[in-house]
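J.:
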Amino acid sequence: WRRRRLQERRVPVVLGRRLLYSHHIINPAKRSAVTDWAVELGLSGACKIGWPGVIVVEGLEENVRIYVDALSRLKWKHLAIRGEEFVEGKPGETIDDLRAFPRGFHEFGPDGMSQLAELCRASGAGALFQTLFKRYPTPEASCDDEHDDAECGDHVPSSAGSTKPGREGVAAAAGADSYTAAAAVGSAANSGYGRHSSKHLKGINKKNKR
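Residue numbers (the working numbering): 399 to 608.
(1) Helix, strand or coil for residue 415 per DSSP?
(2) Tell me the rounded alpha-carbon separation between residue 532 and residue 480.
(3) Determine, using beta carbons only, whether residue 420 and residue 477 come nearer to each other than 7 Å.
(4) With a CB to CB cut of under 7 Å and the five nearest residues on each side skipped, what residues in its chain are close to residue 486?
(5) Once the 5 residues before and after residue 527 are set aside, which same chain residues still bring their CB inside 6 Å of it?
(6) Quick check on residue 470: does DSSP put it in helix, strand or coil?
(7) CA-CA distance, residue 484 and residue 490?
(8) Using the three-state DSSP reduction, which class does residue 524 fall into: helix, strand or coil?
(9) With H, G and I counted as helix, E and B as strand and the rest as coil, what does DSSP make of residue 410?
(10) Judging by CA-CA distance, which residue of 496, 498, 505 and 418 is the nearest neighbour of residue 466?
(11) Could you give the distance in angstroms between the alpha-carbon of residue 443 and the alpha-carbon of residue 511?
(12) Below 8 Å on the Cβ atoms is my contact criterion, and I expect residue 445 with residue 506 to pass it. Report the Cβ-Cβ distance as a whole number of Å.
(13) For a cutoff of 7 Å on Cβ pairs, would you count residue 428 as touching chain E?
(14) Just to confirm, are residue 448 and residue 508 a CB contact at a threshold of 7 Å?
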């Protein structure tokens, strides 16, 4: 057991970040899922509710993937990964050593876009926030979806960062069935976290029709 723990410490941890864009985040059960699942998975970041909805999250890459997969299985009018970042730690570093955002997850109100932007800038994640407007460091990542850009609010000056374009169309109202997020969180069982998470995530999304 001790040898196994020592081997785990020698393996560099990978921190992942995502910025997710949603047409809106209004439904109370869905708002609870966004925040509660992030906390349960040890992720940090924030979201802005209303029209549009924005989620910025970071943490252990495996758990970030579980989180995004769980959210994508809810019913959304539109949900897309706009940007993603990956930070590989040095041997001996923990996930907390790599975090940009403070521990915990915060919800900003419908008028909180500027607050979310300031949090990202202050945390060194300004480039990730820029992906909300589909502005990326590389020219090949440009997009002409003017409708989404118009909903995102005012332009925020870009900042440096190794940010990658996300995958559009993570979930849409058509074909995205509601489910219990424990099914996705269960994939973390090998790390000993899945059982704990599934216990607390059951039933959060029972009312997510909107």
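From the three backbone atoms N, C-alpha and C, an ideal C-beta is built for every residue, glycine too.
T.: So, to answer that:
(1) Under the three-state reduction of DSSP, residue 415 is assigned to strand.
(2) Linking residue 532 to residue 480 through their CA atoms gives a straight-line distance of about 7 Å.
(3) A contact, by the Cβ cut-off of 7 Å.
(4) The residues are 410 and 412.
(5) Within the same chain, and ignoring the five residues on either side of residue 527 in sequence, the residues whose Cβ sits closer than 6 Å to its Cβ are 515 and 518.
(6) In the three-state DSSP reduction, residue 470 falls in the helix class (H, G or I).
(7) Answer to the nearest angstrom: the Cα atoms are 17 Å apart.
(8) Residue state, collapsed to three classes: helix.
(9) Reduced to three states, the DSSP call for residue 410 is coil.
(10) Distance from the Cα of residue 466 is smallest, within the candidate group 496, 498, 505 and 418, for 418.
(11) Between the C-alpha atoms of residue 443 and residue 511 there is a straight-line separation of about 14 Å.
(12) Confirmed, Cβ separation roughly 7 Å.
(13) Looking at the structure shown, chain E is missing, and only one protein chain is on hand.
(14) Cβ atoms of residue 448 and residue 508: closer than 7 Å.
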